[in-house]
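Enquirer: Going by the working numbering, the first residue of the sequence shown is number 16, and it counts up by one from there. Idealized CB from N, CA, C, for every residue including glycine. Note that the structure is predicted; figures quoted are calculated from it, not measured. Have a look at this one before I ask anything.
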Amino acid sequence: MLKLRLTRLGRKKVPFYRIAAMEALSRRDGKAVAYLGTFNPLAEEGKTSSIKRGRNLKILITRSSAN
Numbered sequence: 016m017l018k019l020r021l022t023r024l025g026r027k028k029v030p031f032y033r034i035a036a037m038e039a040l041s042r043r044d045g046k047a048v049a050y051l052g053t054f055n056p057l058a059e060e061g062k063t064s065s066i067k068r069g070r071n072l073k074i075l076i077t078r079s080s081a082n
């Protein structure tokens, strides 16, 4: 089963996250099936996240519905 998780990047006290689709039993920073976008909690209002649209999202939807 796939889950969406935030993998942490950045340095100490300055977090930056990638939105990743991962297997349910994998680690937080483990191997991802696909990276879907980014999330920056310290950015200005309205510029906190960006999500890729297109091919990766379609693949994930078909994989998750097949399971």
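Which word fits R20, buried or exposed, when buried means at least 16 other C-beta atoms lie within 10 angstroms of its C-beta?
Expert: Classification for R20: buried.
Enquirer: With C-beta atoms as the reference, is V29 less than 8 Å away from M37?
Expert: Not in contact: V29 and M37 (Cβ atoms no closer than 8 Å).
Enquirer: Under the rule that 16 or more other beta-carbon atoms within 10 Å means buried, what is I34, buried or exposed?
Expert: It counts as buried.
Enquirer: Run through DSSP, which three-state label would T63 get?
Expert: In this structure, T63 counts as coil in the three-state DSSP scheme.
Enquirer: CA-CA distance, I66 and P56?
Expert: Whole-angstrom Cα-Cα distance: 14 Å.
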